[in-house]
Ligand code: FAD
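Residue numbers (the working numbering): 463 to 848.
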């Protein structure tokens, strides 16, 4: 049975995170009946239950998508502009490397929680129905029945089509894998990350240059820090998960972390007063690049964002790329030529782009941790900009 790709077709989006909420806004504005099923509670009522990366770099690709949804002004109000990388060498003066010639070429630091709430509000305003505390459990694609885990037990709902915006661990993708293997290839990075915080100074101001993405490059490992609008910075330490020091295996507790920072990041120590506590308390995050051969199943399901193509965060492009998916899928659905055809056209358009940025993100890790402090690299950049 092929359901008509008309504006009366109900679309069920799984996941009300960044991509799910933006896609819901775009599609509801086009007139589709949109239901969003989100595993967590409503962050506007219960507070944002983050989990990872407190803030994100928003670049022109993502901003363009927000502009098309009419949300750029609202989002930029919460953002802190970053005009370049502020590099903190172990020996030598910290210095700014601009991203472009002037402030017309910048990126923005944005709180994941605030952004998610802005997008959910927009989706609801556009007419999408949001259902919280409903995590997709399993899917019977033959009968078109989806089973959700709810606070009152499992609940079965019939569906016409499901769009998976449920992140890197996507339950919809897992259900698809059971039904028709997606030819998965996962590349786990042997480096992980841990988040730390730079609070405001005694006057309530930023402790270091606010309008920059700070990097402490140290060869095989590094720290970065992105500003938050409440004048804090979220610091992320990236280093090997296992093996010779320094690694998360060898630096196991706050005291060892303090010794490590004294040796390798001495200028960061006065900035992170709760370094010992943060290190002990915060989990080590793992990072992977996930490749799937198929992003859709005829007219019954499609995947977007991290569910389709999770990537390592070193280009700061996972969300930006997910937002581009939303625009592409909404455009193909607007052409009114059947869901299966729209999904296939979306997949054909976005898969090569996602693969390219996944590869660039892996390469940028080497550049960030190894080359931004390198004199030859800096000379090359200067020549590029000249
Ligand atoms: P998610 O944001 O993961 O949202 C998925 C949603 O689905 C969540 O709300 C989740 O609760 C919900 N969900 C999950 N399972 C179910 C289920 N079974 N049923 C219903 N709902 C479900 N990207 C950038 O562009 N810039 C950056 O600077 C950047 N920095 C990053 C730093 C780190 C450390 C990491 C790990 C990632 C970073 N990213 C960055 C990538 C970015 O976080 C992701 O690409 C982006 O969040 C993808 O959005 P999404 O909506 O596809 O998935």
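Ideal placement from N, C-alpha and C gives every residue a C-beta, glycine not left out.
- In summary, residue 531 is buried, with 16 or more beta-carbon neighbours lying within 10 Å of its beta-carbon over all protein chains present.
- In terms of side-chain proximity, the C-beta atom of residue 698 is found nearer than 8 Å to a non-hydrogen atom of ligand 1.
- Boundaries of the beta strand (DSSP E) harbouring residue 616: 615–620, taken from the DSSP string.
- According to the DSSP assignment, residue 653 belongs to the beta strand (DSSP E) that extends over 647–660.
- Distances from the CB of residue 768 to the heavy atoms of ligand 1 include at least one below 8 Å.
- The beta carbon of residue 654 sits closer than 7 Å to those of 703, 710, 746, 747, 748, 749, all from its chain and outside the five residues before and after it, given in chain order.
- Distances from the CB of residue 710 to the heavy atoms of ligand 1 are all 8 Å or more.
- According to the DSSP assignment, residue 633 belongs to no beta strand (DSSP E) but to the alpha helix (DSSP H) extending over 633–641.
- Pairing residue 822 with residue 615, the inter-Cα distance amounts to about 43 Å.
- The DSSP-derived three-state label of residue 544 is strand.
- Non-local C-beta neighbours of residue 817 in its own chain, meaning closer than 6 Å and more than five positions away in sequence, are absent.
- Inter-segment contact for the segment 667–678 and the segment 626–639 is absent: fewer than three beta-carbon pairs are separated by less than 8 Å.
- Taking C-beta atoms as the reference points, residue 785 and residue 582 fail to come closer than 9 Å.
- If you look at residue 723, you'll find it in the alpha helix (DSSP H) that goes 716–726.
- By the Cβ criterion, the segment 644–651 is not in contact with the segment 478–492, since fewer than three pairs of Cβ atoms, one from each stretch, lie closer than 8 Å.
- The C-alpha of residue 547 is placed about 13 Å away from the C-alpha of residue 563.
- Sorting 682, 660, 496, 665 by C-alpha distance to the C-alpha of residue 731 places 660 at the top.
- With a cut-off of 8 Å on Cβ pairs, the segment 536–543 is in contact with the segment 573–593, counting three or more such pairs.
- Residue 552 sits in coil when the DSSP states are folded into three classes, being neither helix nor strand.
- Residue 628 is classed as buried because its beta carbon has at least 16 other beta carbons within 10 Å across all chains shown.
- Scanning 794, 575, 558, 678 for the CA closest to the CA of residue 568 turns up 558.
- Between residue 474 and residue 625, the C-beta spacing is below 9 Å.
- The Cβ atoms of residue 819 and residue 787 do not sit closer than 9 Å to each other.
- Under DSSP, residue 686 forms a beta bridge with 677, 698.
- With fewer than three CB-CB distances shorter than 8 Å, the segment 752–772 does not count as touching the segment 589–597.
- Setting aside the 5 residues that flank it on each side, residue 755 is surrounded in the same chain by 644, 645, each with a C-beta closer than 7 Å to its C-beta; the list follows chain order.
- Here residue 768 is actually not in contact with residue 585; their C-beta atoms are around 18 Å apart, not less than 8 Å.
- Under the three-state reduction of DSSP, residue 734 is assigned to coil, being neither helix nor strand.
- DSSP, read as helix, strand or coil, puts residue 745 in coil.
- Of the candidates 693, 728, 605, 572, the residue whose Cα lies closest to the Cα of residue 680 is 728.
- By the neighbour-count criterion, in which a residue is buried when 16 or more other Cβ atoms sit within 10 angstroms of its Cβ, residue 687 is buried.
- Residue pairing by DSSP places residue 487 opposite no residue, since no beta bridge is assigned to it.
- Listed in chain order, the non-local C-beta contacts of residue 758 below 6 Å within the same chain comprise 764, 805, 809, local neighbours out to five positions each way being set aside.
- The beta carbon of residue 706 sits closer than 8 Å to the beta carbons of 712 from its chain, once the five residues preceding and following it are set aside; these are given in chain order.
- Taking non-hydrogen atoms of ligand 1 into account, the C-beta of residue 803 is found less than 8 Å away from none of them.
- Nearest C-alpha to residue 656 among 744, 719, 708: 744.
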